[in-house]
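Line by line, the protein sequences give chains C and D. Be aware that the first sequence starts at 50, since it is given in the working numbering, and climbs by one per residue. Be aware that the second sequence starts at 311, since it is given in the working numbering, and climbs by one per residue. Cβ coordinates follow ideal geometry from the N, Cα and C atoms, glycine included.
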Amino acid sequence: MSQTHDKPNAAVAAPEHPRFLAHHYGSYREQFEAGKLGMWIFLLTEILLFGGLFCAYAVYRANHPEIFHEGAKFLNTYLGATNTCVLLLSSLTMAWGVRCAQIDRRRGLVVCLAVTLLCGGVFMGIKYVEYRHKWHDGLLWAGWFEPGKEALETLDGSRRRLPPGGNSPDNVEERPDGPSPPSPKEKSRRLGIFFSIYFTTTGLHALHVLAGMGAIIWVLVRAAKGHFHSQYFGPVDYVGLYWHLVDVIWIFLFPLLYLIE
Amino acid sequence: MADAEPHASSDHATDEHACYAHVVPVWLLVSVFVALILLTGLTVLLHEPGWRERVGDWGLAAAMLIATAKAALVALYFMHLRYDKPFHAIVFLAALLFVGLFLSLTVLDTVEYQPDIKRYDELRAP
């Protein structure tokens, strides 16, 4: 049976019962294992949640690939890549934080959690910049999709590069590209759906980042108070798992949305 | 119970309070991070104008392969699956299995019937 004890820098507790050990568990280790399994099952549900959105992407891209080729021209690859690296760094610092908790390095833990939080903030900042640009350019979801002048120029320019009579449903009659592009209404209807998919997936992901940041703040406050030690670090570990999953989801979103030929 | 034997990391002071879970060494965390950054760079590189044509139709497959490798590194080392009880890995893989089923069956279905929908749209178009 692993030793259970209370660290002196946690608040004063009855010496017989460790402060953060729930009564229905025999030891910190049991509690940790149970919590870890619980978090993995929750992550399973999160994977299925995003799975639904990836399914929408797969179906729509299978049926209308040209819309994705056009839509991706409006996304900045370098901002997306930067965001990817920011989240990867945040995963490193998160995992490092868990390690610090496990070896009783309180200050290291606080620093790691703070940097993770900062990275989350940078990610949201870049997201805001991207969204704002889209808002100004009228590049919104289906129904609200009204591309401004600048956006239309990009559209028409790229439209001419598409092979004539491609499998676009807009080319019902075999009219050539360039001189008579499809009506704006037709174009809007389909391209708007690309942005519906874009905003739903990245938007839901951004909400998850925000929720993760909230959880990290909670754990950070507790870490600063000295709640965590080598026998009790579950919350740090579980928040870490959630955060890594958010990173993994972005790892797939980035190439699917930003790196379309 | 857990496969990983509890042990103190080399830079930990006391033995009696050693963590019961595996502690990942710093060099491993940093190496995984560097590998992830390199893979990100690779996937962006393959999308650059010079490489895009060479990759051609395999673009999506290559990107997904790289993304899967990155996700595997995060899952195995950052999320600790390599050192945990196998059951956690089974939960994770089960999730992927069901998403795979979901996507493949749906895409099979849509690819089968989309031509019919398209024909109907064309007939209906003014």
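Asked, Found
"Nearest-angstrom Cβ-Cβ length linking Phe117 (chain C) and Ile309 (chain C), presumed shorter than 8 Å", "5 Å"
"Arg224 (chain C), DSSP secondary structure in three states", "In this prediction, Arg224 (chain C) scores a pLDDT of 41, lower than 50, which makes its location untrustworthy; no coordinate-derived value is stated."
"Bridge partners - Tyr281 (chain C), DSSP secondary structure assignment", "C:His278"
"Between the CA atoms of Ala379 (chain D) and Tyr281 (chain C) - distance to the nearest angstrom", "32 Å"
"is_contact[Gly360 (chain D), chain C] using C-beta, thresh 9 Å", "no"
"Environment of Ile39 (chain C) [buried if 16+ CB atoms lie within 10 Å]", "The shown model of chain C, from 50 to 310, leaves out residue 39 (chain C), and the question about it has no answer."
"Interface residues of chain D facing Cys161 (chain C) [CB-CB closer than 8 Å]", "Per Cβ cutoff of 8 Å: no residues; Cys161 (chain C) is ~11 Å from chain D at best."
"Span separating the alpha-carbon of Asn220 (chain C) from that of Ile266 (chain C)", "With a pLDDT of only 43 at Asn220 (chain C), under 50, the local geometry of the prediction cannot be trusted, and no value is derived from it."
"Coil, strand or helix - Ala404 (chain D) by DSSP", "helix"
"Spatial distance of Val288 (chain C) from Leu86 (chain C) (CA atoms)", "13 Å"
"Simplified DSSP state of Ile152 (chain C), which is helix, strand or coil", "coil"
"Residue environment, Phe397 (chain D), which counts as buried when at least 16 other CB atoms sit within 10 Å", "exposed"
"Beta carbon proximity, Tyr387 (chain D) to chain E, threshold 9 Å", "The displayed structure is made up of protein chains C and D, and chain E is not among them."
"Any C-beta of chain D under 9 Å from that of Ser245 (chain C)", "no"
"Contact between the region 129 to 137 of chain C and the region 173 to 182 of chain C (3+ Cβ pairs under 8 Å)", "yes"
"Runs of beta strand (DSSP E) wholly within the region 71 to 123 of chain C (minimum 3 residues, chain order)", "none"
"Opening and closing residue of the alpha helix (DSSP H) in which Trp361 (chain D) lies", "359 to 365"
"DSSP three-state assignment for Tyr423 (chain D), whether helix, strand or coil", "helix"
"Environment of Val421 (chain D) [buried if 16+ CB atoms lie within 10 Å]", "exposed"
"Span of the alpha helix (DSSP H) around Ile347 (chain D)", "336 to 355"
"Rounded straight-line distance, which links the Cα of Lys183 (chain C) to that of Ile152 (chain C)", "46 Å"
"Ala279 (chain D) classed as buried or exposed, judged by whether at least 16 other C-beta atoms fall within 10 angstroms", "It is not possible to answer for residue 279 (chain D), since the shown part of chain D is limited to 311 through 436."
"Bounding residues of the alpha helix (DSSP H) (the contiguous stretch that carries Leu375 (chain D))", "369 to 383"
"Outcome for Gly75 (chain C) when other beta-carbon atoms lying within 10 angstroms are tallied against a minimum of 16", "exposed"
"Asn125 (chain C) in three-state terms, based on DSSP", "coil"
"Proximity to Val295 (chain C) [Cα-Cα], best of C:Met262, C:Phe277, C:Val268, C:Leu306", "C:Met262"
"Ala371 (chain D) classed as buried or exposed, judged by whether at least 16 other C-beta atoms fall within 10 angstroms", "exposed"
"Exposure of Thr251 (chain C), with buried meaning 16 or more beta-carbon neighbours within 10 Å", "buried"
"Supposed contact pair Leu138 (chain C) and Cys168 (chain C) - C-beta distance, whole angstroms, cut 8 Å", "5 Å"
"Close beta carbons around Arg362 (chain D), own chain, < 8 Å, minus the five adjacent residues each side", "Leu356, Gly369"
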